[in-house]
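Numbering (my numbering), first residue to last: 1330 to 1434. A virtual CB, placed ideally from N, CA and C, is assigned to each residue, including glycine. Quick notes on the structure that follows.
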């Protein structure tokens, strides 16, 4: 999540959505991508956040959502390697530094 938020253009609609959606979080924390679990879950549940993204951002966000739902929970999906690989690839395309995740595959 931190790398995803840091990769966003701070002047585009997607980051502005985060600014408005979490007014209680300081601007510095938003820019640094520092969010707690309840805030991340809130973003994952809502469709409005995804609607504010371009195609590249949507691909990375969907991959992140898939990893959270099918890999990080109590049940690991049988295709977790593909999910993590897609997450790393889409994050790289967005400009995130995700090299450390390659070790869990």
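N- and C-terminal bounds of the alpha helix (DSSP H) containing residue i
i	result
residue 1343	1342-1350
residue 1369	1366-1374
residue 1335	1331-1336
DSSP state of residue i mapped onto helix, strand, coil
i	result
residue 1387	helix
residue 1406	coil
residue 1378	helix
residue 1423	helix
residue 1339	coil
residue 1323	Beyond the ends of the chain as shown, which are 1330 and 1434, falls residue 1323; an answer cannot be given.
residue 1412	helix
residue 1400	coil
Contact under 8 Å by Cβ, residue i with residue j
i	j	result
residue 1423	residue 1386	yes
residue 1362	residue 1379	no
residue 1392	residue 1365	no
residue 1340	residue 1381	no
residue 1351	residue 1332	no
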